[in-house]
């Protein structure tokens with residue numbers, strides 16, 4: 097089992113984050129809150145959007161897509177005000193700012209991943225590869241699981257220390273790779289790392305992980321049948337001063353660039369409040385009220 101850090105030890109969390117490129121925090125959600133979150137995420141994939149607005153990305157349609165296909169959605173905060181209250185909670189910005197040393201942060205996007213039984217793998221990748229149209233092209237993630245995770249049930253996996261390697265190009269086989277670790281091994285070889293370690297996280301429901309945008313991560317295929325689902329929600333944060341560049345890319349998110357303005361507008365990339373210099377335990381009061 098990978099080291100799990102208590103919420104009252106932010107210095108230890110930052111040390112792990114800088115050493116490994118990720119840090120696993122102790123579980124912060126109750127079983128009832130996790131149950132509510134699983135149902136809420138699943139409902140979005142049936143097209144139930146409380147705000148009436150569609151997310152920016154939505155992969156998997158009930159009745160059309162394969163049952164073993166991974167469900168993936170981006171910017172569900174626009175579609176569900178309760179999801180927005182989770183990913184835009186001040187504690188998320190507090191922790192990301194603290195771990196990265198950023199003075200202010202903003203939400204780049206959220207992502208939902210639901211891995212069903214016998215789910216296919218997701219290619220190991222670096223998040224920073226997806227934002228090469230921004231400067232600085234760096235992000236940092238708060239990842240939350242609402243299920244117990246298992247090595248043989250498509251849990252998230254990390255390569256410790258890989259955040260120090262160069263950023264690789266955008267993967268072309270993200271959702272259906274032949275060998276989900278192949279690109280990571282090639283990147284390791286280029287960085288002079290002969291035998292990169294892979295950590296498959298086995299953690300209880302309610303666990304929260306923070307990771308660097310350059311750390312290699314992904315998921316193997318699920319070998320389990322039955323009730324072995326994985327429901328996760330992630331908030332991907334940017335430095336508040338990130339800007340659009342003239343580099344190509346950003347097919348989806350460059351649509352939110354205003355004319356003659358390279359800034360990221362708060363309406364599309366919400367800014368977090370000034371961070372607490374000593375972040376504390378997360379609050380999920382909004383979930384408690386609805387669970």
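Numbering (the working numbering), first residue to last: 97 to 387. Idealized CB from N, CA, C, for every residue including glycine.
Item                                                                                                    : Value
Paired residues, beta bridge with residue 238 - DSSP                                                    : 306 and 331
Beta-carbon proximity of residue 241 to residue 328, cut-off 7 Å                                        : yes
Option in 324, 237 and 261 with minimal Cα separation from residue 292                                  : 261
Short Cβ contact (7 Å threshold) for residue 331 with residue 183                                       : yes
C-alpha gap between residue 136 and residue 290, whole angstroms                                        : 43 Å
Beta-carbon proximity list for residue 246, same chain, < 8 Å, skipping 5 on both sides                 : 298, 320 and 324
Residue 102 Cβ short of 6 Å to the ligand FAD heavy atom set                                            : Ligands displayed in this structure: none; no statement on the ligand FAD is therefore possible.
Meets three-Cβ-pair contact criterion under 8 Å: the segment 339-346 and the segment 249-256            : no
Three-way DSSP call (helix, strand, coil) for residue 140 in this model                                 : helix
Segments assigned alpha helix (DSSP H), at least 4 residues, entirely inside the segment 151-205        : 177-183 and 186-196
Three-state secondary structure (DSSP) of residue 129                                                   : helix
Own chain residues within Cβ distance below 8 Å of residue 127, not counting five before or after       : 301 and 302
Residue 108, DSSP secondary structure in three states                                                   : helix
Enclosing alpha helix (DSSP H) for residue 283 [first to last residue]                                  : 278-286
Exposure label - residue 222; buried when at least 16 CB within 10 Å                                    : buried
For residue 370, the nearest candidate out of 197, 170 and 155 (CA to CA)                               : 197
Residue 265 versus 244, 274 and 229, residue with shortest Cα-Cα distance                               : 229
Cβ separation of residue 179 and residue 204, assumed to be a contact under 8 Å, to the nearest whole Å : Their Cβ separation, rounded to whole angstroms, is 15 Å, which puts residue 179 and residue 204 out of contact at 8 Å.
Enclosing beta strand (DSSP E) for residue 98 [first to last residue]                                   : Unbroken run through residue 98: none, as it is neither H nor E.
Exposure of residue 158, with buried meaning 16 or more beta-carbon neighbours within 10 Å              : exposed
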